[in-house]
Each structure stands twice: as C-alpha cells, then as structure tokens.
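Reviewing the structure listed below.
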Amino acid sequence: MKITDAKVFVGGPKKNYVTLKIMTDQGVYGLGDATLNNRETLPAKYLQDYLVPNLIGMDPRRSEDIWQFFYRGAYFRRGPIAMAAVGAIDMALWDIKGKLANMPLYQLFGGKSRDGALCYAHATGADLEDLMDSVAHYVEAGYRAVRVQCGIPGTPSASYAVPEEKGDVKNYITDYSGIRPKVETWDTGKYMRYMPGALMEIRERFGPDLEILHDVHHRLTPREAAEFAKAVEPVGLFWLEDPTPAEDQAALRLLRQHSTVPVAIGEVFNSIHDCNRLIEEELIDYIRVAVTYAGGITHVKRIVDLAGLHHVRTGFHGAPSHSPISMAAQAHLNAWAPNFGIQEYLVLGTPDCDALFPSEHRMMGGMVHVSDAPGLGVDFDEGEAARFEYQPGSHPVVRLTDGTMWNY
Ligand code: GCO
Ligand code: MG
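For what it's worth, the numbering used here labels the leading residue of the sequence shown as 18, then goes sequentially.
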C-alpha cells in the first residue's frame, strides 16, 4: 500500500484551519489538522516543501516509522511549526489505519473507558455581572464545567479573553482586521486583588456543583502565582490554568509548596520533553497538550501514558484554534484514556464549520460523545473549502500599565 498524494488547504469560517488530506493507492484517504493560530501559513509550507514530497510512496500503515522519520530525520527538530506538520501527518495516518480496520480509533487504542467525556465552555464578561450572565447561559445549555474570565475594574483595556463590550462573546481571540496586533493592558496588582473575590462570587451564585476553571494565561511570576493560588483555594476551582510562563518547568514548585489548588498547563507544549519534569515531579494535575502541535496521536499518547503514572489527568487544549479534525482525534483519546480529566470544547456547532467538516461526534449535556464511524470519524468537504481563503490576523499583545511588554 502506498501514499500517492497529499494536499494542504488553508482557510475556514472565521478561522484559518490548516487541513491535510493524504491519498492512497487503495482509494482510502486520511485527514490531519496542522492549524497553528496566527502562524497558519508556516506549518502549511513546512508540509508542502519538506514533508509531503518525502511522504509520497511511503506505506501509510507504518505510522510509527513515518513519525520517527520526520522527527528524528530533522536535525532541527521540534517547535510548534514542525510538530504541527508532523502531527497532521500522524492524525491522517491513524485515520487511514482506522478506515482500513473498519473501526473507530478509540477501539484501536484499547476501547472506551467512558460513554461521554466531560467538557468545559468559555464564559467571558466585560465585568463580573456580564460574566455571570455568560456562565448562566452555558449552565442552561447543559454544561457542567465553565472557564470564567472577566474584566478587571480600573484596568484601561480588556485583558485576556475578555470582551470590550458587555454582552459580547470573546471566544475567538484572533482579530482578522490585519496583521498588526491590538494592545491589551495588564495590571498584576489589580488582578491579584480583584479576581479571587470575583471567583468566590461566581461560586456563591452557582453553587457547589458547577466546575469552575480559570486561565491566568502565563501572566504571574512564581511568587505571585503561589500567592494567587493560596487566595483562590476556598473557591474550589476545578483547575487554575497557566499561572506562570510555560517555559519554566520549575516555576510551579513554589506554588505547590503553598497551595493544593489543581494546576493545568501545557497548551503551548510541543513534545514530551517540555513536560516530563512537570509530570514526573507531580507539579501539575492536568496536562493541556493538543494533538495538533504536540506531534499528533502517536506522541500525545506517550504523554498521556507518562502522565498516568503520576496521577496527572488530561485536559487537552480545545480552543477554536483547532479544527474539528484534531478535536475528533482528541475525542477518541478522551474516550479511551484511563486518566482522562476534561476537554475544552468550542469548535462544533457553527453551521459553516459543520458543513466543512461533517461528523457524528456529538455534544450532549456538557459531554462529548465520540463517533463510531471508522477512523477519526470526521470528513472534509473540498467544495465548501473552496469558499474560504487565508485571512491574515493576529492575537493581541500585552503591555503593563507603564508600557513594558508582557506575556500574551
Ligand atoms: C485556552 C487558551 C487559548 C489560547 C489560544 C491562543 O485555554 O483556550 O489559552 O484561548 O489563548 O489558543 O491561540
Ligand atoms: Mg489557556
């Protein structure tokens, strides 16, 4: 069996998805997602110029050897661009494998460990009352877990994932009006003084059963993060996400010494080497890698198994950054993983997105129910894809109140 061709598409509704389609001499094809928010053309070029020409003629069933070929074969390896490209190939090869076996991928991993996978939505508010309305909306829609982000009074512009106007939804953080980023302001002192009380008000309003999550988006120093974690402990968070910059694996030691708040980190990691110490030293409770830019199913499965040895559960990244293809790959891993924790879930549900990526994965009662179709269980409509083209866009950048650049 041989790979005969592979095509890369960039574009999508309100998003630049990078979609890989691998064709074989037996008519079976596989799909992969190489989307890398706001840098979408780069994994596409890496695929087109370097990986796809090598892929033609390979046996698609040898997914492990092909992964090793592209990983070890690159002297300058790893990083989000290369790992997104390798990850897309890997997903597509698993999709082909499942279709050849006539089984959904979760069966090839070891079968289902659960019927539905708990997921969380993003509630956002320009201020706390606005955020309460947003939380109520998701609770009414059946979600049992909600990530909450709100504006900080007295901070001159919206901070991370917070809408500028009351009632607006801030799920898509990319601004497609051009390549130059908007500037957001961050004030650590105001945030640290305001947010613990705001989180407590949400707990009081919605009661003990709602799972509440909060994302600091890498903005605190290790000492500040330890102080903040201690302050939010009475809220009973499901997790505190990215309290410190992700480059520093030792940063969480101080937080661990001062607080028992569950910690989640890893959405920007690209390999097991970015998180092995965090996992082995048991400095985190949830690992947030995504199959997209952490090297696909083959590599993420290794991370999940390492995590399982150390009581670390999964909480895969699932912002609208990912296409329904990698969300499908994660749905299969979530159905199988003995150490599944939660899934961030925002992708499905827009009619344009569903038409581009038809699938039977279903969200019901705040849980994702995995499709039983062979392979990944998601398709890609090339006719629909022709309606969209690449649009340059940018995340905001962050400055402190005196103008100093800070972490987005
Ligand atoms: C999350 C994330 C995202 C990122 C985004 C960057 O927890 O969902 O922090 O919203 O900001 O993926 O492109
Ligand atoms: Mg995050």
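We put the CB at the ideal spot given by N, CA and C, even for glycine. The model shown is predicted, which means the values in this text are computed figures rather than measured ones.
Taking Y208 as the centre and dropping the five residues before and after it, the same chain places the C-beta of I169 closer than 6 Å to its C-beta, in chain order. With 16 or more neighbouring CB atoms inside 10 Å of its own CB, D232 falls in the buried class. Annotation: H235 to H412 spans about 15 Å, alpha carbon to alpha carbon. Going by beta carbons, I342 and T36 fall inside the 8 Å limit. Put simply, of R220, W84 and I196 the residue whose alpha carbon is nearest the alpha carbon of L254 is R220.
I113 has its alpha-carbon roughly 35 Å from the corresponding atom of E258. Fully enclosed beta strand (DSSP E) runs of no fewer than 3 residues occupy 134–142, 162–167 and 200–203 of the segment 126–213, in order along the chain. In this structure, T52 and M40 do not form a Cβ contact; the two beta carbons are roughly 21 Å apart against a cut-off of 8 Å. In this structure, N287 lies near Y310, with their beta-carbon atoms less than 8 Å apart.
Here DSSP, grouped into helix, strand and coil, assigns A51 to coil.
Taking 3 residues as the minimum length, the beta strand (DSSP E) runs contained wholly in the segment 316–395 are 379–381 and 384–386, in order along the chain. The Cβ neighbour count for T277, taken over all protein chains shown within 10 Å, is under 16; the residue is labelled exposed. In the same chain as G133, and ignoring 5 residues on each side of it, the C-beta atoms closer than 6 Å to its own belong to M384 and H386, in chain order. Spanning the alpha carbons of I196 and H334 requires a straight line of approximately 24 Å. Below 8 Å, too few C-beta pairs join the segment 147–154 and the segment 343–354 to call them touching: fewer than three. In summary, V252 is buried, with 16 or more beta-carbon neighbours lying within 10 Å of its beta-carbon over all protein chains present.
A direct Cα-Cα distance of roughly 52 Å separates V45 from E146. Distance between L417 and A138, taken at the CA atoms: about 28 Å. At least one heavy atom of the ligand GCO lies less than 7 Å from the C-beta of D232. Distance between S174 and N424, taken at the CA atoms: about 15 Å. Of the other Cβ atoms in all chains shown, 16 or more fall within 10 Å of the Cβ of V179; this residue is therefore buried.
In the displayed model, M217 falls within a helix according to three-state DSSP. DSSP, reduced to helix, strand and coil, places A311 outside both helices and strands of the structure shown, so it counts as coil.
Remark: the C-beta of S411 is outside contact range of the ligand GCO, defined as less than 7 Å to any heavy atom. Closest option to A61, judged by alpha-carbon separation, among L230, R89, A248 and A102: A102.
In this structure, the alpha-carbon of L363 lies about 20 Å from that of G313. Remark: the C-beta of E284 is in contact range of the ligand MG, defined as less than 7 Å to any heavy atom. At a cut-off of 7 Å, the beta-carbon of I190 counts as near the ligand GCO: some heavy atom of the ligand is closer than that. Under DSSP, S411 shares a beta bridge with D192.
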